[in-house]
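Report on the structure given below.
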Ligand code: SF4
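The structure is reproduced here in structure tokens:
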């Protein structure tokens, strides 16, 4: 008998769950609803929402939209999106995660109060990620985006640094960038590093908990199936971490990609996923495995 378990820490994060519920509730009312960009990096979930009537449009298509209703995703948007929607008489349903909204306000507050001649904002994030685009929009694009320790060559060492993070980044990599910034600023003659470096790890609490939880889950199973869209950066990061803990980890976007040959001699299988993978998808993979391993 093969033991199969779903990772209790897996499933949609709060922000994604909330925006999907909002979409479903508006779609149930029957009126048309546009979504600005994919609500979640998960093609099967997007197909499901499209089958309920959601129409996904890009930012360039927004400019051509007739008055209607548009849902903004959990990652948030820059102020320019709200301005454009207002100008086009489009009703906004704001699905921005409250944690992201709070970060946007915090960033703007620091930016508005700092002396830009001698201080700079640094965001640890992915330059093209919608959340980072939304954060940059709060400060007119006037922040340096760093994704790795190597990127810190982009900052001006003579200026005080205020470091923040995109909410979905890897906490270990944040610490790496933080350490590199500390070293860089300590090497510059002048005030103590503490006076020229303010670091605020704004990675979401759900993300911070995922790696320790995944580590113990991946370690107690012989084989792990990690379920997520291949375009999910959070999925890629968590899959790679899972594989570093348990080398017998396979990354699949759905049960169709499962190869029965993987399970020869295996008695314990764990199923986990990204913050963009629903519990329903994990349960569907589990049912498929149960059928496969009992036949
Ligand atoms: S990762 Fe956290 S902050 Fe980002 S959308 Fe999900 S719940 Fe919100």
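Residue numbers (the working numbering): 5 to 299. Built from N, CA and C at the ideal position, the CB exists for glycine as well.
Beta carbon of residue i, beta carbon of residue j: below 7 Å?
i           : j           : result
residue 66  : residue 27  : no
residue 270 : residue 290 : no
residue 170 : residue 136 : yes
residue 175 : residue 212 : yes
residue 273 : residue 227 : yes
residue 122 : residue 163 : yes
residue 167 : residue 203 : yes
residue 194 : residue 47  : no
residue 235 : residue 45  : yes
residue 38  : residue 61  : yes
residue 222 : residue 192 : no
residue 253 : residue 267 : no
residue 188 : residue 201 : no
residue 41  : residue 77  : yes
residue 142 : residue 110 : no
residue 209 : residue 138 : no
residue 150 : residue 104 : no
residue 259 : residue 292 : yes
residue 243 : residue 255 : yes
residue 10  : residue 286 : yes
residue 19  : residue 101 : yes
residue 173 : residue 127 : no
residue 23  : residue 99  : yes
Name, in chain order, the residues that DSSP records as bridge partners for residue i.
i           : result
residue 164 : 123
residue 4   : This structure leaves residue 4 out entirely; the chain is present only between 5 and 299.
residue 253 : 228
residue 58  : 37
residue 98  : 76
residue 261 : Partner(s): none; residue 261 has no beta bridge.
residue 149 : 127
residue 272 : 7
residue 277 : 231
residue 201 : 165
With a cut-off of 7 Å, does the C-beta of residue i fall near any C-beta of chain C?
i           : result
residue 178 : The displayed structure is made up of one protein chain only, and chain C is not part of it.
Please write down, chain order preserved, every residue whose beta carbon lies under 6 Å from a heavy atom of ligand 1. Cβ atoms closer than 6 Å to ligand 1 belong to 17, 18, 19, 20, 78, 101, 103, 104, 171, 172, 208, 210, 211 and 279.
Counting Cβ pairs, one atom from each stretch, are 3 or more of them under 8 Å apart for the segment 90-97 and the segment 108-127? Short answer: they don't touch.
Decide yes or no for the touch test of the segment 277-284 against the segment 229-246: beta carbon pairs closer than 8 Å, at least 3 of them. yes
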